[in-house]
Amino acid sequence: MEIENKISGSVNIILVHGRIDARNSSLLDDKLKTLIEAGSDRFIVNMEGVDYISSSGLRVLLAALKKVKPSGGDVKLSGLKPFVSDVFRISGFDSIFDICGSEKEALLNFE
Numbered sequence: 001m002e003i004e005n006k007i008s009g010s011v012n013i014i015l016v017h018g019r020i021d022a023r024n025s026s027l028l029d030d031k032l033k034t035l036i037e038a039g040s041d042r043f044i045v046n047m048e049g050v051d052y053i054s055s056s057g058l059r060v061l062l063a064a065l066k067k068v069k070p071s072g073g074d075v076k077l078s079g080l081k082p083f084v085s086d087v088f089r090i091s092g093f094d095s096i097f098d099i100c101g102s103e104k105e106a107l108l109n110f111e
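Residue numbering for the sequence shown follows UniProt numbering, starting at 1 and increasing by one per position.
Following this line, the structure appears as structure tokens:
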């Protein structure tokens, strides 16, 4: 898995490529924790490059959301491929996260 970070205004955009599974979800967890500890609380996780996510990946995203919500922050997801979208729908996480079709749409939802 590869993780890139860019910033648009006050929003951190995390671009993830590859699989988010038990073997490597800690990389995403570490990245999000570092940014949260530095004071960031607005995130878009762009998942256009993700073709698989396991329950450990879901836990990482949920943990980040729980950390930023009390301060008025949010974690929005964008660009989910069909399989990944199905995982969110089946797990019920589609009702927890704001899932947007594109990174641009997610940015507009922060305004």
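Beta carbons are placed, not taken as given, at the ideal position from N, Cα and C, and that holds for glycine.
Computed from a predicted model, the values in this text were never measured in an experiment.
Rounded C-alpha distance that separates residue i from residue j
i	j	result
LEU108	LYS66	22 angstroms
ARG59	PHE88	12 angstroms
ILE90	ASP21	17 angstroms
ILE44	PRO82	18 angstroms
VAL50	ASP29	15 angstroms
ILE53	VAL16	11 angstroms
Under 9 angstroms between C-beta atoms of residue i and residue j
i	j	result
SER25	GLY72	no
VAL68	SER40	yes
ASN46	SER8	no
ILE3	ILE13	no
LEU62	PHE110	no
ARG42	ASP74	yes
Rounded distance between the beta-carbons of residue j and residue i, thought under 8 angstroms
i	j	result
residue 136	MET1	The displayed coordinates of the chain run from 1 to 111. Any statement about residue 136 would go beyond what the structure contains.
Burial state of residue i (16 or more Cβ within 10 Å)
i	result
LYS76	buried
ALA38	exposed
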